[in-house]
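The block underneath contains the structure these notes are about, expressed in structure tokens.
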């Protein structure tokens, strides 16, 4: 933390701040510039939490220096993490593909998808049971019934099951059925939910909020990790910008950036990230080329009849094409699929 | 809903869509333009929910025509709503001022503020008991203890009490202590929480999400109203933009816009909306001048020692100045304070 | 400028930077924190221009401390500037109202508006002669013919004339006819144009770019002032955000902020800022309440027949209503209209 | 164009609009919905330009249906365009790599880069002669001297030369020296400049404005093409969002989207798009994987001593690594480098 003083700050103002820092067991380094004085704070920044230094006389502004997250940072763990789920690994050489329909609709649909994914060598199936929808008049998901159908699909095919949990009160229920818990973009800062999944022993896919900075995202991961659950997988799914031709703007530069800042694995969801089925394949290639550890893809046996988000879903032919394209990119990056 | 066909669409494509609409009990109006055909859908649009028309052969795009919210819309109730809380009204001639510290810190602090507000003729006190904080290492609030202190302040002063609820599991607890429930910006699309406050008989202040459109915000209000609770007060608190000099960009044009689109009252929070104490007074004047029904203001007996958000809080002198300034604006708009 | 070193930086890395700074006649203050070293740079920051300190071994990031603009800053001139145009003043007690049609269409139209404005006690008329339009197929303005019509209106009514110049090659022509030159939002970073109006002796209204930060805006003013023309009036006209109900998001918090950072006057354009005629009056009230020195308003004798931007224009009755509303706000703020 | 009427619109309101459209030689298709009437406008939409239909009694809003650009659209030319420059092609099977320093600094620098690029099999060198800089105190480029040095580099190596022109007044000068003219992000809507390069017989690289929608970008291309110059190459270079870890957010989804909407070639600039040297290689891979026709890359013999934008430049080793990585991606997409 650096404290920048106003050009009009007095010696007393500076002394006051030194005294305050001393009381908090923090050191102060004073640099007298030509125009103004700056004070470097030395020691554990958390001691300053809740101390409104900005209001001290003579202070112009504060400049944070160290990132606020610890456990999620690359400094904490310089090696990339790999996360074990059943016999699969997320973050290793093999890319992780999580695929399935936006919403679980009925047994036939989910089993059809599950069998198809199994035949393609995929390890993870996803399907929404609790659907967060902008309008209360839209289809809200099958809820527990949907989880049961996912469990049925797992039983038959051995696929690992991923689904979103949207509220703490459904957590106990959901944990029973799921191998990986997904926290959706709208809940990235539902801190109570983060804390509670932090107390579980299940891997968590944490989607980026649609207006969340990378720093807020890593702080959200920190909420989970601080409770003891280190198995967090980040998932970029597009941010909100002024552009309206795509539903969101998929921010692929966050992939290499997260690799620098954090040891956590990161996957990309080009289906929600673009909102357009015909952009899913090129953006999947791009995501892997940028260094992502995997993809989350919407696939539906019959997108035209899907109850939610049909337009961005691939059908089986589209998905097979995607797998072929991604495999070629993976290979030249020395990864597998 | 208008369906815009591709320039390459065939007669069969159009016939197909007519057939589909007919099956759903919807009518179709075909307009043949010079370059392309457009199809107007006639009937209850909700019948189309989950039908991915975008994927039908020949379809270029869909253009929604009618707003998705009903109960929150001005069409549903052409008169502005006023909401009764105790003996106060929100949305009437008298402006509603909700004031208090960002976080309840201890008994002395909250009683000091409560007595001061009472002396200023204010009806509502606010104070955070559950604090949603970006970092898990920041002060998270006194939780139930904070609610008890608020109740104590009410008992002594008769002020009505407002506080944020951040999770359904704290709702039963919170309801006991509060006169008005606040849903914070980060939870504007926590749909389960919206549904549950919709089942209560308490007024709800619904803050706008920091990247939420006005339409999403009114849809969030609709979630609450659909469950039977019509006492929703909207609160603009700034949206996220590229500008970094202010913490958020306070979108005051939403005030007259909401007045057109909806019958719900709207108040403005310039403390969070700007993140800077010295902008609170001018932006309060501006909010009232734009037509807001009230303000939510952070006030603290000693902002320099506040445990959270000190820099944007006013002290008592600042708040008295604000009240004086706002009163003058209110008067020329034929409102009271 | 503060240089933040990496946690892995060596003593040699720090020594290297000290040597480099010394060579540039700059001082260095070293602060050893618990986790990392930071170096405060002492002296004229401009000596560092073009020196990529970020690339020096061991450097993590640079944190600028002092604002890059000088002449536009409040530090340079602690008193608010007032700008004389003819017998009018911009930035003084009297609010500046600049009004007129989006585009000059013909003699009848502009004279009708001019006479009306004169009758309302307005000092400045505006009208677009060169229109920057998104599509090349839209009406592009009457060009020099439009300027001549504005000059005619001035001759008859004595109104001062404001119009936008969109290219250096039209500047000589435009200067002849205009009292105040307007630089539009799209040209806020047309640096060659800024430099050339900086060499003139005419006041300049500098609109904020639609994705420009306040800092970039003040830097654009600095380009003009650096060439010797200090008569710059800033004009907020809305920024681009994700919200689509309004054409832009009018950022009124920039008004009190600019008053802090700069001595330059600032006016607000709620017509372009919202894109909706029915928001112009409430947002005009709000702009003045926020502390703006004036308004730029689109007014047209017959908005329904306007060749450009009709929907956001007021007719004469609407404008008279606006003047009445704004006068009441001005009065309680101890300003005149 | 679809006209959506208010729920309160009368038969007369509808008749009025029909009459108006008829007068303009346009047809009207009336669809009576359950809640409101919509009117489809039939005929050349440009006849409506400047007709403020929004202001007609009973009109709620207008919904545009057809894209406003023609020459730039894929409908106009269903085959992807390839653009010939000397003996090179942009938009063909071979990827176009444009590389060089942000700014031309001196003869030694630019010749060193030119020889190096030649040795790598690159066809195009870029280097800024006129530099648009946010602050007037930053290095503004060598201007004509810089163009001469670029021409010298071409003479020696045969490389084709690309440089940015920032004002119409430098255009005659620049044309003499350049093979391809670059229009920078800040000038994407400098319409006078667009028109003038539209009258030249030189290919133009048109960078996307940092807050420009894809539609505005294609309209800017249309300005150039309308004057007769069809040789436009689009270049994505990042858009402005709330994220601050990267300088801009590189919007790679625009690549496949542009391929759908337009026949023009598109390249990507990951140097400006991210502002960070260490993101350039992964984002170059991603851009090509997304389907881009080439890259624009900053390379400098000694980034640490660069006079502008050093941190995002690659040195020669970095560039060679980039070429190797991109070549592998190109190959699996059946393209060459």
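Residue numbers (this note's numbering), protein chains in the order written: chain V, 1 to 337; chain A, 1001 to 1337; chain B, 2001 to 2337; chain X, 3001 to 3337.
From the three backbone atoms N, C-alpha and C, an ideal C-beta is built for every residue, glycine too.
Candidates the options: closest to residue i by CA position
{"i": "residue 161(V)", "options": "24(V), 255(V), 251(V), 101(V)", "result": "101(V)"}
{"i": "residue 3104(X)", "options": "3143(X), 3093(X), 3083(X), 3120(X)", "result": "3143(X)"}
{"i": "residue 1305(A)", "options": "90(V), 16(V), 55(V)", "result": "55(V)"}
{"i": "residue 2204(B)", "options": "2093(B), 2163(B), 2211(B), 2212(B)", "result": "2163(B)"}
{"i": "residue 1041(A)", "options": "1008(A), 1113(A), 1254(A), 1028(A)", "result": "1028(A)"}
{"i": "residue 1193(A)", "options": "213(V), 190(V), 107(V)", "result": "190(V)"}
{"i": "residue 179(V)", "options": "148(V), 187(V), 186(V)", "result": "148(V)"}
{"i": "residue 97(V)", "options": "312(V), 244(V), 269(V)", "result": "269(V)"}
{"i": "residue 152(V)", "options": "113(V), 168(V), 213(V), 167(V)", "result": "113(V)"}
{"i": "residue 3070(X)", "options": "3316(X), 3219(X), 3318(X), 3323(X)", "result": "3219(X)"}
{"i": "residue 157(V)", "options": "173(V), 120(V), 328(V), 168(V)", "result": "120(V)"}
{"i": "residue 3229(X)", "options": "3245(X), 3072(X), 3030(X), 3199(X)", "result": "3199(X)"}
{"i": "residue 1089(A)", "options": "1003(A), 1072(A), 1233(A), 1281(A)", "result": "1233(A)"}
{"i": "residue 1332(A)", "options": "2324(B), 2005(B), 2241(B)", "result": "2324(B)"}
{"i": "residue 154(V)", "options": "177(V), 141(V), 167(V)", "result": "177(V)"}
Beta-carbon proximity of residue i to residue j, cut-off 7 Å
{"i": "residue 1236(A)", "j": "residue 1271(A)", "result": "no"}
{"i": "residue 1184(A)", "j": "residue 1132(A)", "result": "yes"}
{"i": "residue 83(V)", "j": "residue 99(V)", "result": "no"}
{"i": "residue 238(V)", "j": "residue 273(V)", "result": "yes"}
{"i": "residue 1263(A)", "j": "residue 1080(A)", "result": "yes"}
{"i": "residue 1265(A)", "j": "residue 1091(A)", "result": "yes"}
{"i": "residue 1095(A)", "j": "residue 1127(A)", "result": "no"}
{"i": "residue 3134(X)", "j": "residue 2216(B)", "result": "yes"}
{"i": "residue 2030(B)", "j": "residue 2017(B)", "result": "no"}
{"i": "residue 2171(B)", "j": "residue 2165(B)", "result": "yes"}
{"i": "residue 1288(A)", "j": "residue 1322(A)", "result": "no"}
Under 9 Å from the C-beta of residue i: neighbouring residues of chain X
{"i": "residue 245(V)", "result": "3213, 3214, 3215, 3253, 3254, 3257, 3261"}
{"i": "residue 2333(B)", "result": "Going along chain X, no residue has its Cβ under 9 Å from residue 2333(B), so there is no contact; the nearest lies around 33 Å."}
Partner residues on chain X for residue i, Cβ-Cβ distance less than 7 Å
{"i": "residue 203(V)", "result": "Result: empty, since nearest Cβ-Cβ is about 25 Å, beyond 7 Å."}
{"i": "residue 1075(A)", "result": "3007"}
Within chain V, partners of residue i - CB distance below 9 Å
{"i": "residue 3339(X)", "result": "Residue 3339(X) lies beyond the residue range present for chain X, which begins at 3001 and ends at 3337; the question has no answer from this structure."}
{"i": "residue 3239(X)", "result": "241, 242, 243, 249"}
{"i": "residue 2002(B)", "result": "2, 4, 31, 38, 40, 63, 65"}
Nearest-angstrom Cβ-Cβ length linking residue i and residue j, presumed shorter than 8 Å
{"i": "residue 2110(B)", "j": "residue 2117(B)", "result": "About 10 Å separates the two Cβ atoms, so there is no contact after all."}
{"i": "residue 3292(X)", "j": "residue 3267(X)", "result": "6 Å"}
{"i": "residue 247(V)", "j": "residue 275(V)", "result": "3 Å"}
{"i": "residue 1257(A)", "j": "residue 2279(B)", "result": "7 Å"}
{"i": "residue 303(V)", "j": "residue 316(V)", "result": "Not a contact, Cβ separation roughly 10 Å."}
{"i": "residue 4(V)", "j": "residue 36(V)", "result": "7 Å"}
{"i": "residue 2169(B)", "j": "residue 3169(X)", "result": "7 Å"}
Residues sharing a beta bridge with residue i, DSSP
{"i": "residue 1062(A)", "result": "1003(A)"}
{"i": "residue 268(V)", "result": "236(V), 295(V)"}
{"i": "residue 1175(A)", "result": "Answer by DSSP bridge pairing: none, since residue 1175(A) is not bridged."}
{"i": "residue 3124(X)", "result": "3098(X), 3160(X)"}
{"i": "residue 1182(A)", "result": "1164(A), 1205(A)"}
{"i": "residue 1028(A)", "result": "1041(A)"}
Neighbouring residues, chain B, relative to residue i (Cβ below 7 Å)
{"i": "residue 274(V)", "result": "Ordered by position in chain B, no residue passes the 7 Å Cβ test against residue 274(V), which lies about 16 Å from the chain."}
Under 8 Å by beta carbon: chain V residues contacting residue i
{"i": "residue 1187(A)", "result": "190"}
{"i": "residue 1230(A)", "result": "Near residue 1230(A) there are no residues of chain V at all, since even the closest Cβ is about 14 Å away, more than 8 Å."}
Interface partners of residue i on chain A, CB under 9 Å
{"i": "residue 16(V)", "result": "Simply none; closest approach about 11 Å."}
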